[in-house]
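Each residue of the sequence shown is one higher than the one before, starting from 2 at the first, in this note's numbering. Here a beta-carbon is modelled for each residue, glycine too, at the ideal position from N, C-alpha and C.
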Amino acid sequence: MAKSSFVGRFQDWISEWDDGKTRQTLMVVLVVLSGLLLGMLVYTIAKYVLDQLFPFPPGIYMVDAEQKAELMKTVAGQVFIIIPMTWAVGTLVGGYFATLLGKVGQFPAWLTGILLTTYFWIDLLHLPNTTTLFILCPVIVGICAFASGWLGMYMTAQKAVKSQQAEV
Numbered sequence: 002m003a004k005s006s007f008v009g010r011f012q013d014w015i016s017e018w019d020d021g022k023t024r025q026t027l028m029v030v031l032v033v034l035s036g037l038l039l040g041m042l043v044y045t046i047a048k049y050v051l052d053q054l055f056p057f058p059p060g061i062y063m064v065d066a067e068q069k070a071e072l073m074k075t076v077a078g079q080v081f082i083i084i085p086m087t088w089a090v091g092t093l094v095g096g097y098f099a100t101l102l103g104k105v106g107q108f109p110a111w112l113t114g115i116l117l118t119t120y121f122w123i124d125l126l127h128l129p130n131t132t133t134l135f136i137l138c139p140v141i142v143g144i145c146a147f148a149s150g151w152l153g154m155y156m157t158a159q160k161a162v163k164s165q166q167a168e169v
């Protein structure tokens, strides 16, 4: 019995292309982009609100390494919990929305989580941060993407059960 590899199955899937696959692929791309956009929007709004509540000291130029080091000495460690909290909220909302909208499984939430991880890493480049945040980012986003995918599929299944019960 021949073993099939991922590459072989993928080549077979691509070689038999039809309108249904085009529609399904387009829907997944649009759902992931919608989840990404919503996750970025929620993250940006939450970060803006929290930055207004806990502003950086005036007169510090964030590109200068010496001033970043000075800020890191004066800022309490609890301030850095804000950044992972906004990652978690943005990923949960974006992944949940992508899964609920797509109704094709949990993987739109996972793809949204991967794309949001890169966005969060890029956003970390201009903030004073520690290496711990760079390492923590994919862990937090991965857990939240898995949870949002599971929750989205759970809600989709519950809606399907309720609609079947209503028909009976």
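*Looking at C-alpha atoms only, which residue of L42, G114 and L39 is the closest neighbour of C1?*
It is not possible to answer for residue 1, since the shown part of the chain is limited to 2 through 169.
*For V94, which residues from the same chain have a beta carbon less than 7 Å from its beta carbon, with the 5 sequence-adjacent residues on both sides left out?*
Only L39, G40 and V43 meet the Cβ criterion.
*Which stretch, first to last residue, makes up the alpha helix (DSSP H) that contains K48?*
Unbroken alpha helix (DSSP H) run through K48: D20 to L54.
_Which of helix, strand or coil DSSP assigns to V169_ = Secondary structure at V169: coil, using DSSP grouped into helix, strand and coil.
*According to the neighbour-count rule (16 or more other Cβ atoms, all chains shown, within 10 Å of its Cβ), is M156 buried or exposed?*
Within a 10 Å sphere around the beta-carbon of M156 sit fewer than 16 other beta-carbons, which makes this residue exposed.
_Given F121 as reference, the closest of T75, L101 and V90 once Cα atoms are compared_ = The option with the nearest alpha carbon to F121 is V90.
*Buried or exposed for I46, please, with buried defined as at least 16 other CB atoms from any protein chain shown within 10 angstroms of its CB.*
Answer is exposed; the Cβ neighbour count stays below 16.
_Simplified DSSP state of Q12, which is helix, strand or coil_ = If DSSP states are grouped into helix, strand and coil, Q12 belongs with the helices.
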